[in-house]
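Asks:
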Amino acid sequence: MEAVALKERENQIYIKGETPFNIVCDKDSLAGAVSQRACVFCGSRVVLYPIADALHLVHGPIGCAVYTWDIRGALSSGPELHRLSFSTDLQEMDVIFGGEKKLRQALLELIDRHNPKAAFVYSTCIVGIIGDDLEAICRQVEREKGIPVIPVKSEGFKGNKRAGYQAACDAMFRLIGTGETSSISKFSLNILGDFNLAGEIWMIREYYERMGIEVVANITGDGRVDDIRRAHGAALNVVQCSGSTMQLANMMEEQYGVPSMRVSYFGVEDMSEALYDIARFFKKKFPGDREADAIMERTTALVKEEVRNLMPGLEKYRKALAGKKAAIYVGGSFKAFSLVKAFRLVDMEVVLVGSQTGTEEDYRELEAITDPGTIIVDDSNPLELTSFLKEKGVDIFVGGVKERPIAYKLGIGFCDHNHERKEILAGFEGMLNFAREVYSSVMSPVWRFVPRAKSME
Amino acid sequence: MSKNHPNYVSTTNACKLCRPLGACLAFKGIEGTVPYLHGSQGCATYMRRYIISHYNEPIDIASSSLSEKHAVYGGGPNLKLGLTNVAEKYRPRMIGIATTCLTETIGDDVGMYLQEYAKDTAGSKGLPDIVNVSTPSYAGTHMEGFHGAIDQVIEQMAEGGPQNRTVNLLPGFVSSADYRLLREIMDDFGLDCTMLPDLSDTMDGPAMLEYEKVPAGGTPLAAIKAMGRSRATIEFGRTLGRKGSGGFRLRKKFNIDDHRLGMPIGIEETDRFFDLLCSLSGRPVPEKYVAERGRLVDAYVDGHKYVFGKKAIIYGEEDLVVGMSAFLAEIGIFPILCASGGTSGRLAEAIAAVTADILPRQPEIHEGMDFFDISEMAETLAPDLIVGHSKGYPLARKLNIPLIRVGFPIHDRVGGQRILHLGYSGAQRLFDTVTNAVIAKKQADSRVGYSYM
Chain A
2 MEAVALKERE NQIYIKGETP FNIVCDKDSL AGAVSQRACV FCGSRVVLYP
52 IADALHLVHG PIGCAVYTWD IRGALSSGPE LHRLSFSTDL QEMDVIFGGE
102 KKLRQALLEL IDRHNPKAAF VYSTCIVGII GDDLEAICRQ VEREKGIPVI
152 PVKSEGFKGN KRAGYQAACD AMFRLIGTGE TSSISKFSLN ILGDFNLAGE
202 IWMIREYYER MGIEVVANIT GDGRVDDIRR AHGAALNVVQ CSGSTMQLAN
252 MMEEQYGVPS MRVSYFGVED MSEALYDIAR FFKKKFPGDR EADAIMERTT
302 ALVKEEVRNL MPGLEKYRKA LAGKKAAIYV GGSFKAFSLV KAFRLVDMEV
352 VLVGSQTGTE EDYRELEAIT DPGTIIVDDS NPLELTSFLK EKGVDIFVGG
402 VKERPIAYKL GIGFCDHNHE RKEILAGFEG MLNFAREVYS SVMSPVWRFV
452 PRAKSME
Chain B
466 MSKNHPNYVS TTNACKLCRP LGACLAFKGI EGTVPYLHGS QGCATYMRRY
516 IISHYNEPID IASSSLSEKH AVYGGGPNLK LGLTNVAEKY RPRMIGIATT
566 CLTETIGDDV GMYLQEYAKD TAGSKGLPDI VNVSTPSYAG THMEGFHGAI
616 DQVIEQMAEG GPQNRTVNLL PGFVSSADYR LLREIMDDFG LDCTMLPDLS
666 DTMDGPAMLE YEKVPAGGTP LAAIKAMGRS RATIEFGRTL GRKGSGGFRL
716 RKKFNIDDHR LGMPIGIEET DRFFDLLCSL SGRPVPEKYV AERGRLVDAY
766 VDGHKYVFGK KAIIYGEEDL VVGMSAFLAE IGIFPILCAS GGTSGRLAEA
816 IAAVTADILP RQPEIHEGMD FFDISEMAET LAPDLIVGHS KGYPLARKLN
866 IPLIRVGFPI HDRVGGQRIL HLGYSGAQRL FDTVTNAVIA KKQADSRVGY
916 SYM
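Chains as they are written, first to last, in the numbering used here: chain A, 2 to 458; chain B, 466 to 918.
1. Nearest chain B C-beta to residue 410 (chain A) closer than 7 Å, yes or no?
2. Assign residue 847 (chain B) to one of two classes, buried (16 or more other C-beta atoms within 10 Å of its C-beta) or exposed (fewer than that).
3. Out of B:495, B:775, B:669, point me to the one whose CA is closest to residue 883 (chain B)'s CA.
4. Taking residue 700 (chain B) as part of the beta strand (DSSP E), name the residues at either end of that continuous run.
5. Does any CB atom of chain A fall closer than 7 Å to the CB of residue 514 (chain B)?
6. Rounding to the nearest angstrom, what Cα-Cα distance links residue 858 (chain B) and residue 868 (chain B) in this structure?
7. Do residue 115 (chain A) and residue 91 (chain A) come within 7 Å of each other at the CB atom, strictly closer than that value?
8. Is residue 15 (chain A) helix, strand or coil when you go by DSSP?
9. Spell out the partners DSSP gives residue 317 (chain A) in its beta bridges.
10. Can you tell me where the alpha helix (DSSP H) with residue 520 (chain B) in it begins and where it stops?
11. Out of B:828, B:632, B:837, state which residue places its alpha-carbon closest to the alpha-carbon of residue 692 (chain B).
12. Does any CB atom of chain B fall closer than 7 Å to the CB of residue 406 (chain A)?
13. Counting only the same chain and skipping the five closest in sequence on each side, list residues whose C-beta sits under 8 Å from that of residue 145 (chain A).
14. Ignore the nearest five residues each way along the sequence and tell me which others in residue 709 (chain B)'s own chain have a CB closer than 7 Å to its CB.
15. Among B:541, B:597, B:584, B:603, which has the Cα closest to the Cα of residue 499 (chain B)?
16. Taking buried to mean at least 16 other C-beta atoms within 10 Å of its own C-beta, is residue 400 (chain A) buried or exposed?
17. Are the beta-carbon atoms belonging to residue 56 (chain A) and residue 149 (chain A) less than 7 Å from one another?
18. Quick check: the segment 416-435 of chain A against the segment 364-384 of chain A, are there 3 or more CB pairs under 8 Å?
19. On a Cα-Cα basis, can you pick out the residue from A:227, A:298, A:318 that is closest to residue 345 (chain A)?
20. Would you verify that the beta carbon of residue 546 (chain B) is, or is not, closer than 7 Å to some beta carbon of chain A?
21. Give me the DSSP bridge partner(s) of residue 735 (chain B).
22. To be precise: take each residue of the segment 562-578 of chain B, compare its Cβ to all Cβ atoms of chain A, and keep it if any distance is under 7 Å. Which residues remain?
23. Answer with buried or exposed for residue 2 (chain A), where buried requires no fewer than 16 other C-beta atoms within 10 angstroms of its C-beta.
24. Just reading off the alpha helix (DSSP H) that residue 555 (chain B) is part of, what are its end residues?
25. Since residue 245 (chain A) contacts residue 254 (chain A) with CB under 8 Å, what's their CB separation in whole angstroms?
26. According to a CB-to-CB cut-off of less than 9 Å, which residues of the segment 371-384 of chain A neighbour chain B?
27. Does residue 313 (chain A) have its Cβ less than 7 Å from a Cβ in chain B?
28. What does residue 215 (chain A) pair with, by DSSP beta-bridge criteria?
29. Does DSSP put residue 838 (chain B) in a helix, a strand or coil?
30. What residues in the segment 518-536 of chain B have a beta carbon less than 9 Å from any beta carbon of chain A?
31. Does the ligand SAM have a heavy atom nearer than 6 Å to the CB of residue 195 (chain A)?
32. Along the chain, where does the beta strand (DSSP E) that runs through residue 356 (chain A) open and close?
33. Taking 8 Å as the threshold, find out whether the segment 122-129 of chain A comes into contact with the segment 149-169 of chain A through three or more Cβ pairs.
34. Which partner residues of residue 528 (chain B) appear in the DSSP bridge assignment?
35. Against chain B, does residue 62 (chain A) count as a neighbour if the rule is that its beta carbon must be under 7 Å from one of theirs?
36. Does the beta carbon of residue 491 (chain B) sit closer than 7 Å to a beta carbon anywhere in chain A?
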């Protein structure tokens, strides 16, 4: 095989079983390597985006706002302010003389028009350069309008997407602790790191309700400002997609003593384990408490029922998909763990797994759960990915929009597993959808026409 | 300009994209070219995602991935490192560099960096050509980026010399199907043609066995170099000024005849294009197109009653809006609002030029519009349909009227790259689409539900 990785990137690729585990990650993308990564702004924007009753104003030239207009399939059960794309659309004169005045006017105009519960103001690259004092403008407008106006320090060049997650957490942390918490049940939690794609958070909330647990705040899927303000009153933070909101959970633990646990809602195994972990948490926290015991009983019943409903449907897909090969390249590595397990549940083999922003700990865990020979990769690019896909004879590739044409061009099936998807893939129901999605790509008759089919005859 | 133009400080749901995106698209239509953004990593990734969702094709845009220290000390070293890496991994024939708001604001002198880079790499073999264009996102739209890139490709690559028989064709930003059609038309007239850019193959390619690092197709570099020797240039774009016009540059620099037309959308604008081709080729219109035009007129007649008097809002890139206005006006639909996020200052004049002899009065025509403005005006204008790209869908949904999808981006349907707008065959497709949308709306709203018209 031709060397596909630039020399500087070789230590960001690891093949399980060949050498002792060693992978370099969390470094800046290499210039000219066509990284699949985005930027700080992107990280902040996707995390805060689903807060549906807040105004999200992007301070900068038009691009950053327009490329993030309504891109996340994050549903709201009420207001849909998040689906609009607001920008100060900075022009040359603003860049020269500063954009503060325009920002202030735009904020006042939009707050008057939409009456949001709060406003987030995102910095973009050049705001960091021209030195607009976002903090001061936000403070002024906050006083004038009587709603929280929060700057998000998301200048694109100041790191990668993970730095953006941090900026988003910092912004939300300013809201937390400002709401009334006296009526909150002792059996309560916040959902962190679920973005209500295709309505997933509604399903997860229903599980918790069936268990007898109160959900205080969704962070951030179908999120509301007032809920987030009282999130510190919850007994537990349940963190999915740990990359994006773990920092917030840590800050809440430090300041308000709210403990947290990491979960994944994806795949039967991880979904069940998440619910049991939560039930166990309350049992341990309130030993001998009748209600805590009842929560555990209800959880057991719930999992049993859901698994019983799911399994017959899943069997059809397992039969068809067993032995097929899968490749995974996603934004956050936590999702990758669950995907590896989900593929295993339908007897598929994972031959490549990678992420844009995994940590060494994440990759270590991936190494532990994958089979020998699996390629593990950090911050990959189209050239590497295509050569891995071909080399491994992959049947289905799971990734986001940027990975899709790579798979299709080579005649390989694809399953969209990022924030633009419109299918529920979380929870018990989601496992069935996921299997159906994989099935409907892998089993399609169209592959008989692609050049690859001829070459494999 | 009308008095009703809304005047807000904030922008909501922009009706334009940023300038570097247009440059990347233009570079994608050149043989062996990798677009390269000098800026932070996010820009390249966002634009790739945006473009992929329209074309369903891979598009690799390299980035110099600047971080904080580069923003302070300058992006030169990363620019050069990135160029070397792209050259090594992609083996491109050309790298097209566009700047971003970050590198424009920190004052990076790309021209100087490239001179240094040329010095550093002097004597190396197989290095790609490099073209750079300044595309600050805070000035202009993706269309200034697109035209700017074409203009700079010509400026930096075209050479003079003895005149040849070639005709330069600068169509602006149209669909892959449109570029394909234009090639065919020029061929049918027997004209040697250099069309710049050409996204017909690069952004609408076949399924492959091997991943092509840089997809085949695009305007050949040798042909671009020879553009200074062509005998004429045809350039589409009634709202295009002198600045950013490749045709104007070719005239000024190489004294090449420069024919400016509107995008050939609808019969009248296509007739003007074909008239010019007749005179340049010395041939009559090929029989194939005479027949196409005949069928088109017949179709206009068959369907005219269904569409007559309907009111349309048209939005998008200025030259596309002009072309669509011409087409809609000639089939009896009244454009009532023509809107663009662009600000050429020439939109109203251009629309008047192609519709004044048909329309009893000119529509509301506004530049610098966003979808908030358009929606607000739509409430009183009561349109029957809207015409533009996918981002008008929320408006169509709110008004419960058809959206006729044209232009870029088409993010909510497959086949955006295959939408044909130009020529008689494009007009035929547009006419059928528009007429059927009007009929379908009436049918769906009817209590009876007829299965005939």
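Ideal Cβ placement from N, Cα and C applies to all residues, glycine included.
Replies: Taking the coordinates as given:
1. yes
2. exposed
3. B:669
4. 697-701
5. yes
6. 7 Å
7. no
8. strand
9. BP columns for residue 317 (chain A) are empty, so no partner.
10. 506-520
11. B:632
12. yes
13. 109
14. 609, 612, 613, 616
15. B:597
16. buried
17. no
18. no
19. A:318
20. yes
21. According to DSSP, residue 735 (chain B) bridges with nothing at all.
22. 566, 567, 570, 571
23. For residue 2 (chain A), the predicted structure reports a pLDDT of 37, less than 50, and the residue's modelled location is therefore unreliable. The matter cannot be settled from this model.
24. 541-555
25. With a Cβ gap of about 17 Å, residue 245 (chain A) and residue 254 (chain A) do not count as contacting.
26. 382, 383, 384
27. no
28. A:189
29. helix
30. 518, 520, 521, 522, 523, 524, 525, 526, 527, 528, 529, 530, 531, 532, 533, 535, 536
31. In the structure on display, the ligand SAM does not appear, and there are no ligands present to speak of.
32. 350-356
33. yes
34. B:502
35. yes
36. no
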